[in-house]
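**Student:**
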Amino acid sequence: MAKQTKALIATLKRALKAHGTTYAEVAKALGLSEASVKRLFSTYQLSLDRLDEICQLIGMEISDLVKQMDEHDGRIERLSVEQEREIANDLTLLLITVCVLNRWTLDDILRVHKLDKHSCIQKLAHLDRLKIIDLLPKNRIKLKIAANFNWIENGPIQQFFQQRIAAEYFSTRFQGEDESLLVLNGMLSKSSNQAFQRRMQRLAREFEEFNREDVALDFDKRHGATVIIAIRGWRYGLFKDGVV
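In full-length UniProt numbering, the protein residues as written are 1 to 244.
1. Taking the CB atoms as reference points, tell me whether Thr105 and Gln68 lie closer together than 8 angstroms.
2. Which residues in the same chain have their Cβ closer than 8 angstroms to the Cβ of Thr21, if we skip the five residues on either side of it in sequence?
3. For Val81, count neighbouring Cβ atoms within 10 angstroms of its own Cβ and tell me buried if that reaches 16, exposed if not.
4. Arg129: which of Ile76, Asp49, Phe41 and Met60 sits nearest, CA to CA?
5. Check each candidate in Glu53, Thr5 and His118 and name the one with the smallest Cα separation from residue 245.
6. Kindly confirm or deny that the segment 92 to 108 and the segment 167 to 184 touch, where touching means at least three C-beta pairs closer than 8 angstroms.
7. Using the Cα positions of Ile9 and Arg235, report the straight-line distance between them to the nearest angstrom.
8. For Gly224, is the classification buried or exposed, using 16 other Cβ atoms within 10 angstroms of its Cβ as the cut-off for buried?
9. DSSP state of Arg75, grouped into three classes?
10. If Leu203 and Ile231 are in contact, beta carbons under 8 angstroms, what's the gap, nearest whole angstrom?
11. Taking C-beta to C-beta, are Ile152 and Ala88 nearer than 8 angstroms?
12. At the level of alpha carbons, what is the spacing between Glu177 and Ser47?
13. Please report the distance separating the alpha-carbon of Arg222 from that of Ile145.
14. I'd like the list of long-range same chain contacts for Ala7, defined as Cβ closer than 6 angstroms, with 5 residues on each side in sequence excluded.
15. Take Ile109 and list the residues in its own chain whose beta-carbon comes closer than 7 angstroms to its own, dropping the five residues that flank it on each side.
16. Out of curiosity, what's the CA-to-CA distance linking Gln4 and Asn185?
17. Can you tell me which of the three DSSP states Ile165 falls into?
18. Sort out for me which residues DSSP pairs Arg140 with in a bridge.
19. Exposed or buried, Leu182, counting other C-beta atoms within 10 Å across all chains shown (16 or more means buried)?
20. How big is the Cα-Cα spacing for Leu51 and Lys117?
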């Protein structure tokens, strides 16, 4: 059972209590017995769909619940522009930041990347000052970011990846067993587009949940994976002037 899941459901319980919502009312909304609802809460077996239904019952989104959980734990949701710029301007610091966000230990970082141990510890101390991690005794790393931590939209980190990484990311045929590329075209109403974006956010949360759960596995059983989820109104440039 992921610690994050327990914390999220504990936050949901507090939110239900604050709204004066009973288990009986939750049971009615889910079409279940009250005993079944109590069992779901006690065993922490709430699916994302049911979690979403309960949040809707009290006028919340799952993102609101996650924010409450992180505020309760004192975790940060994002850095300032200046802090992101510090990281983006130092490639070694950026590399180590990505590693710790993926829950690597110091030994993992040194084993995979040819970095000087002293310099690496200095970079970790820098991340400690930015409050991304707590650097504990024996150089153990404790993440302090929120579950919904994100880089600033169009901020220094996103700009760096868009400018330096995007072309390299797509320079493959996506035919490996650990690769997949889907390109969809359609015409959506504004409401359908917004609903689809909410589902994109849910998919991103599922990815992060897998990422957290797999920390329990040996390091050599985990492999780097980068997911880009995007939607925009777009026509391929060649089509704009009727050129095919």
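Backbone N, C-alpha and C define an ideal beta-carbon position, used for all residues, glycine too.
**Tutor:** Straight from the coordinates:
1. The beta carbons of Thr105 and Gln68 sit no closer together than 8 angstroms.
2. Leu57 and Ile58
3. exposed
4. Residue Ile76 is the option with its Cα nearest to Arg129.
5. Coverage of the chain is limited to positions 1 through 244, which leaves residue 245 absent and any answer about it impossible.
6. no
7. Here the C-alpha atom of Ile9 lies approximately 43 angstroms from the C-alpha atom of Arg235.
8. Around the beta carbon of Gly224, fewer than 16 other beta carbons sit within 10 angstroms, so the residue counts as exposed.
9. coil
10. Not a contact, Cβ separation roughly 12 angstroms.
11. no
12. 28 angstroms
13. 21 angstroms
14. Met69
15. Excluding five sequence positions before and after Ile109, the CB atoms of its chain that fall closer than 7 angstroms to its own CB belong to Ile96, Cys99, Leu115 and Cys120, given in chain order.
16. 35 angstroms
17. coil
18. Leu136
19. exposed
20. 43 angstroms
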